[in-house]
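For reference, the structure discussed in these notes is given below.
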Amino acid sequence: MRIVVIGSGVIGASIAYHLARAGAGVALVDRSGPAAMPSASWASAGGLRSQGRHAPEHAITKAAALRWTTLADELEADLEVSLGGHLHIAETAEEAAAVEARLAGDRAAGIAVARLEGAALRAAAPCLTPKAVLGAFSAGDGQAHPGRTAIAFAQAAARHGATCHFGQAARLRLVGDRATGVVLQDGGELDGDRVVLAAGAWSVAMLADLGLDLPLRWRGLQMLLSDVATPLLAPTVTAVGRNLSLKQSPSGQMMVGGRWFARPLGDRPAVEPIDAHVARQWSSAVAVVPAMARLKLAQVWAGVEAQTLDSLPLIGPAGPAGLYLATGFSNHGFQIAPEIGRLAAADMLERPQPVLEAFRVGRAMAGSDRAATFKAESCLL
Ligand SMILES: Cc1cc2nc3c(=O)[nH]c(=O)nc-3n(C[C@H](O)[C@H](O)[C@H](O)COP(=O)(O)OP(=O)(O)OC[C@H]3O[C@@H](n4cnc5c(N)ncnc54)[C@H](O)[C@@H]3O)c2cc1C
C-alpha cells in the first residue's frame with residue numbers, strides 16, 4: 001500500500017515511521033519540516049503525563065509510557081527523555097478532593113499513581129510552596145524534547161524507506177470522491193492509496209475546504225522559559241487550581257506552560273504571545289515554586305494546535321474515500337504520539353483497532369449542540 005502523510009509533526013512523523021516499519025510505501029510531506037515554528041510539536045512543553053487523562057486514552061497512555069522508556073534506542077536518537085515523575089498538587093482542602101478523585105479514577109484504570117502528603121510530598125519536590133497539601137504522583141512520567149522526537153520519527157521513517165518532501169505544502173488530490181494522493185506546492189504529485197491528514201492546526205482549513213464540518217478549531221498557546229537555575233525540581237508539576245504546567249528542562253531552565261492562550265494573527269495559523277498572560281503565567285509558576293522569584297524570564301514563544309470540542313483527537317477515515325484523519329490532539333498529544341503512530345498504522349494496514357473507536361470522526365461529542373458556537377468562540381476567553 002502507498003500512503004502519503006501530510007504533516008511531519010510528532011503525530012504525522014510517528015504514523016509515517018510505523019507505516020514504513022510495517023512495509024508500506026510512505027511519502028511524508030511537510031510545508032516546512034518536522035517541528036517547525038509555529039507548529040504544536042515545535043511549541044510543545046514536552047510533558048509526558050499519563051495521570052489525569054480522559055478514560056478513552058487510558059490504554060493508549062499506559063502503552064505509550066512503556067514505549068518512552070526505550071524510544072530513544074528504538075529511534076537511535078537523543079530525545080532528552082527524563083522520567084522524573086509527574087506531580088499534580090492541591091493547595092486547599094477543596095482542591096485536595098479533586099486530587100483524591102483523580103487518584104481514584106487513575107487507580108481504577110490501572111495507572112500507577114501514589115498519594116503524597118506531608119514529608120513524602122516535600123521529599124518529591126522540596127521547592128514546592130508550603131501551601132501544597134496533597135499530590136498525585138506518577139513515577140513513570142516526565143518529559144522529552146518534542147522537536148527532537150518529531151525529527152527522530154521522520155528520520156527513522158526514512159531509514160525504513162519513506163521518502164520525505166519538506167518545504168512543500170500539499171493539498172489533497174481528488175478523483176471523483178476518492179483521495180488518490182496529493183498535489184505539492186511546486187506542482188509535483190504523489191500517489192497514494194491512502195492520504196493521512198496530520199496537519200495539526202492547518203487541518204482545520206484543509207477540512208473546511210473539503211466541505212467537512214467538524215467540531216474542530218485551532219488556537220494558540222504560549223510558553224515561558226527562565227534563565228538557568230540550580231537543580232530545583234525533578235518531577236513535572238501541574239496544580240488543580242491553576243493554569244500551570246511546570247518543569248525543569250535538562251538545560252536547568254524552568255519551563256512554564258498551562259492553558260495560556262496566545263493572540264491569533266488572522267484566519268490562518270499564526271499567533272503572538274500576549275504580554276498580560278505572560279505576567280500571570282509567570283506569577284502562577286512563582287506561587288508554586290517560590291524560589292523561581294529569583295529567576296529571570298529568558299524566552300517567550302507561542303505555537304498553534306488543533307482542538308476538538310470534546311478534547312479527544314479525531315482519528316480514522318473521514319470525508320472522501322482514502323482520507324484518514326489524525327488531528328485535534330488538544331494540548332495533550334505528545335505523550336501518546338508513539339502509540340498513536342503504531343495504532344494508526346495497524347488501523348490502516350491490518351484491521352480497525354478497537355481502542356481507536358472513541359476517536360472516530362462520526363462520534364457524538366459531549367455537548368454537541370455547542371459544536372457550531374465552539375468553532376466561532378474566541379480562544380482568548
Ligand atoms: C504550547 C503547547 C504545549 C504543549 N504541551 C504538551 C505537553 O506538555 N504534553 C503533551 O502531551 N502535549 C503537549 N502539547 C500538545 C502536543 O504538542 C500536540 O498534541 C502535538 O505536538 C500535535 O502534533 P501534530 O503532529 O498533530 O501537529 P503539529 O506539530 O502542529 O504538526 C502539523 C504539521 O503539519 C504541517 N502542515 C500543515 N499544513 C500542511 C500542508 N498543507 N502540507 C504539508 N504539511 C503541512 C505543519 O508544517 C506541521 O509541521 C502542547 C501543545 C502546545 C501548542
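Here the sequence shown is numbered in full-length UniProt numbering, starting from 1 and rising by one per residue.
The beta-carbon is built from N, C-alpha and C at its ideal position, and this holds for glycine as well.
Spatial neighbours of Thr129 within its chain, please: CB distance less than 8 Å, with the 5 preceding and 5 following residues excluded, ordered by chain position. Glu91, Ala287, Val288, Val289, Pro290
Between the Cα of Val240 and those of Arg67, Ala101, His54, Asp177, spot the shortest distance and give me the residue it belongs to. Ala101
Under a Cβ-count criterion, where at least 16 other Cβ atoms within 10 Å of its own Cβ denotes burial, should Asp30 be classed as buried or exposed? buried
Could you pull the start and end residues of the alpha helix (DSSP H) that Ser41 belongs to? 40 to 43
Whose CA, out of Ala43, Gly252, Ala326, lies closest to the CA of Ala234? Gly252
Within the region 278 to 336, note down every full beta strand (DSSP E) run reaching 3 residues or more, in order along the chain. 297 to 308, 314 to 317, 323 to 327
Nearest to Ala157 (by Cα), restricted to the options Leu312, Ala306, Arg21: Arg21
For the beta strand (DSSP E) containing Ala24, name the first residue and the last one. That residue, Ala24, is in no beta strand (DSSP E); it is neither H nor E in DSSP.
What first and last residue would you give for the beta strand (DSSP E) that runs through Val256? 253 to 257
Does the count of Cβ pairs from the region 352 to 365 and the region 181 to 197 closer than 8 Å reach three? no
Which residues in the same chain as Gly33 place their Cβ atom closer than 6 Å to its Cβ, once the five residues preceding and following it in sequence are excluded? Phe166
Given a cut-off of 7 Å on the beta-carbon distance, is the pair Ala317 and Asp177 in contact? This sequence places Pro at residue 317; Ala is not what is there. It is not a contact, given that the beta carbons lie outside the stated cut-off.
Report the three-state DSSP secondary structure of Leu203 (helix, strand or coil). Strictly speaking, residue 203 in this sequence is Ser, with Leu absent from that position. The answer is helix: DSSP assigns Ser203 an H, G or I state.
Have a look at Met255 and Pro126 and give me their C-alpha separation to the nearest angstrom. 18 Å
Could you give the DSSP three-state label for Asp191: helix, strand or coil? strand
Residues of its chain near Val278, where Cβ-Cβ distance is below 6 Å and the 5 sequence neighbours each way are ignored: Val300
If you drop the 5 nearest sequence neighbours on each side, which residues of the same chain put their C-beta closer than 6 Å to that of His58? Ala109
Which value, in whole angstroms, describes the spacing of the CA atoms of Ala302 and Val113? 31 Å
Ligand 1 and Leu221: does the residue's C-beta get closer than 6 Å to at least one heavy atom of that ligand? yes
Cβ-heavy atom distance, Asn331 to ligand 1, below 6 Å: yes
Beta-carbon proximity check, Ile336 vs Thr61, cutoff 7 Å: yes
Could you pull out every residue in the same chain whose Cβ sits closer than 7 Å to the Cβ of Leu314, ignoring the five residues on either side in sequence? Leu214, Leu216, Thr308, Leu325, Thr327, Gly328, Phe359, Val361
Closest to Leu121 by CA distance: which of Val237, Phe334, Asn243 is it? Val237
Work out the CA separation of Met365 and Ala198 for me, nearest whole Å. 20 Å
Are the Cβ atoms of Glu350 and Ala64 separated by less than 7 Å? no
Where Leu87 and Gly147 are concerned, what is the direct C-alpha to C-alpha distance, given to the nearest angstrom? 24 Å
Would you check whether ligand 3 has a heavy atom nearer than 6 Å to the C-beta of Ser44? Of the ligands this structure carries, namely ligand 1, none is ligand 3.
Starting from the C-beta of Met1, find all residues in its chain whose C-beta is less than 6 Å away, skip the five residues before and the five after it, and write them out in chain order. Ala24, Asp193
Among all the DSSP beta bridges, which residues are the ones paired with Pro215? Pro215 pairs with nothing; no bridge assigned.
Could you spell out where the beta strand (DSSP E) holding His88 opens and where it closes? 86 to 90
Can you name the start and end residues of the alpha helix (DSSP H) that Lys62 belongs to? 58 to 68
Where the alpha helix (DSSP H) containing Gly105 begins and where it ends: 93 to 108
Val81 and Ala93: beta carbons closer than 7 Å? no
Is Gly200 close to ligand 1? I mean its beta-carbon at under 6 Å from any heavy atom of the ligand. yes
Under a three-way DSSP split, which group does Asp369 fall into? helix
For the beta strand (DSSP E) containing Leu116, name the first residue and the last one. 114 to 116
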